[in-house]
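This report refers to the structure that appears directly beneath it.
There are 2 protein chains.
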Amino acid sequence: MNVMTTVNGVAVDKLMETIELLKARPELGEFKFRTRNRWVDGTYNRAENPAFYGAGAEDTGRQSPHVHDIDEPPVLLGEDRGANPVEYLLAGLSGCVTTTFIAYAAAQGVKIDELRTELEGNIDVRGFLGITGSVRPGYKEIRVKFHVKSDAPREKIQELIRLAERRSPVSDSVRKGVPIQFALA
Amino acid sequence: MNVMTTVNGVAVDKLMETIELLKARPELGEFKFRTRNRWVDGTYNRAENPAFYGAGAEDTGRQSPHVHDIDEPPVLLGEDRGANPVEYLLAGLSGCVTTTFIAYAAAQGVKIDELRTELEGNIDVRGFLGITGSVRPGYKEIRVKFHVKSDAPREKIQELIRLAERRSPVSDSVRKGVPIQFALA
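Okay, here's the thing in structure tokens:
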């Protein structure tokens, strides 16, 4: 009989099994995630996340890709047919710190009743437009505020936020930077 | 009479007017983009991009926020109810390099007939799981391949790709890193 231990909706037994498996077979930790994008018109384009590679094989579980409409608002010359690219970055960051917080809470047996985050980032669009070299095109700063309901002590919640900051793959990527290789087919 | 010049679907006259305006009034370049996220269950959460601040005011044009379902695939303990956070990062990056490429092409009068990109990034999930300190949680590398149909010379296309690399706000953010402030409300 299998008795599954679930905390915060996370199957903790399976999480612990995964960790033990990856200690024994580190090569299974290698994942490749993918996006393909097709420009539609002006500032409007569409991205899709198809299958990925992970745990030693091409994953076959995804029946159809996840699709994202991407555009700019009118003030940035688009028609707001989707969130804009820098908003997608914040959405990914919000999801990653949330999942990291929840997974580490589950692993430690800390029950979370509610978790909301609010993110805000500053960009000076003069950098994108090349108006001045003194302003970077990217975000100057991003702020992430956690709203947590839990019986756990505030110190424990602070510790989980630090884990989310350091162990979240999107947070680590954005805080520390990632080499990107560009090529023309 | 207004005659609008459009290249690649981008209103070039309006783009040039914007650049002149921002040279005269640099404070209008300051934007704040936002995301709020609510954890649902386990690895599943939902992000929304509500109104933003830009061009000197709170933008009021967006009738409802853009909504994003975020989850993990089963091999990462979720149910694939949406792309995962690191896939959102790639989607945002794909949209940003696409729009930057197209906008700079339009500004230079370069007509683009087709633009597709393919992105792939490597992550070792042992970093997220804290199994070893020798592996970072974030992407180790991201590759972006451009497929372009245009009558422009290949050297011009290569130049536009370099502009996309350097001027895209998401590319700049991810390549060079962004300070992120974390706080508990």
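For the record, the sequence lines run as chains A and B. In terms of the working numbering, the first sequence opens at residue 45 and continues consecutively. In terms of the working numbering, the second sequence opens at residue 45 and continues consecutively. For each residue, glycine too, the CB sits at the ideal point set by N, CA and C.
Residue i by DSSP, collapsed to three states: which one?
i	result
B/Y148	helix
B/V222	coil
B/Y183	coil
B/S212	coil
B/D57	helix
B/T50	strand
B/I175	coil
A/E236	Lying before the first or after the last residue shown, residue 236 of chain A is absent from chain A, which here runs from 45 to 229.
B/L121	coil
B/A227	strand
B/M45	With a pLDDT of 47 at B/M45, under the threshold of 50, the predicted position of this residue should be treated as unreliable, though the coordinate-derived value follows. If DSSP states are grouped into helix, strand and coil, B/M45 belongs with coil.
Since residue i meets chain E, which of its residues come closer than 8 Å, beta carbon to beta carbon?
i	result
A/Q225	This model lacks chain E altogether, as its protein chains are A and B.
Give every residue of the same chain whose Cβ lies closer than 8 Å to the Cβ of residue i, excluding the five residues on either side of it in the sequence, and list them in chain order.
i	result
B/E71	G100
B/R40	No answer is possible for residue 40 of chain B: the residues shown for chain B start at 45 and end at 229.
A/M45	Because A/M45 carries a pLDDT of 47, less than 50, the predicted location of this residue cannot be relied on, and no value is offered for it.
A/L59	A147, A150, A151
B/S217	none
B/S138	T161, L163, V188
Which same chain residues end up closer than 6 Å to residue i when comparing Cβ atoms and leaving out the 5 residues on each side of it in sequence?
i	result
A/R170	T176, V179
A/I205	F190
B/I186	G165
B/V93	The sequence shown places Asn at residue 93 of chain B, rather than the Val named in the question. T79, P109, H110.
B/Y148	L204, L207
A/A196	V154
A/N89	N81, W83, I114
B/A150	V51, N52, V54, V56
A/F75	G98
B/A230	Outside the shown range of chain B (45 to 229) lies residue 230 of chain B, about which nothing can therefore be said.
A/F77	F96
A/S194	I156, D157
A/P237	Any property of residue 237 of chain A remains undetermined from this structure, which presents chain A solely from 45 to 229.
A/F145	L204, A208
B/N128	E116
Residues bridged to residue i by DSSP?
i	result
A/T161	A/F190, B/N81
B/I114	B/N89
A/L238	Since the displayed chain A opens at 45 and closes at 229, residue 238 of chain A lies outside it and no answer follows.
A/F75	B/I167
Please go through the same chain and pick out, in chain order, the residues whose beta-carbon is closer than 7 Å to the beta-carbon of residue i, but skip the five residues on each side of it.
i	result
A/C140	S212, P213, V214, S215
B/M48	A55, D57
A/G126	H112, D113, I114, D115
Pairing CB atoms from the stretch 156-163 of chain A with CB atoms from the stretch 103-116 of chain A, are three or more of them under 8 Å?
-> no
Using a Cβ cut-off of 9 Å, which residues of the stretch 160-181 of chain B contact any Cβ in chain A, in chain order?
-> Those would be R160, T161, E162, L163, E164, G165, N166, I167, D168, V169, R170, G171, F172, L173, G174, I175, T176, V179, R180, P181, in chain order.
Closer than 9 Å, Cβ to any Cβ of chain A: which residues of the stretch 133-146 of chain B, in chain order?
-> L133, L134, A135, G136, L137, S138, G139, C140, V141, T142, T143, T144, F145, I146
Would you say the stretch 113-124 of chain B touches the stretch 95-110 of chain A, given that touching needs at least three Cβ pairs under 8 Å?
-> yes
For the 8 Å Cβ check, are there 3 or more pairs between the stretch 132-146 of chain A and the stretch 132-151 of chain B?
-> yes
Within 8 Å of chain B by C-beta, residues of the stretch 104-116 of chain A in sequence order | Within the stretch 104-116 of chain A, the residues whose Cβ lies closer than 8 Å to some Cβ of chain B are G105, R106, H110, H112, I114, E116, listed in chain order.
Cβ-based contacts, 7 Å cut-off: residues of the stretch 77-101 of chain A near chain B | F77, R78, T79, R80, N81, R82, W83, D85, G86, T87, N89, A91, N93, G98, A99
Residues of the stretch 191-222 of chain B whose Cβ lies closer than 9 Å to any Cβ of chain A, in chain order | H191, V192, R198, I201, Q202, I205, R206, L207, A208, E209, R210, R211, S212, P213, V214, S215, D216, S217, V218, R219, K220, G221, V222
Any residues in the stretch 53-70 of chain A with a beta carbon nearer than 7 Å to a beta carbon of chain B? Which ones, in chain order?
-> Correct list: G53, V54, A55, K58, L59, I63, L66, K67, P70.
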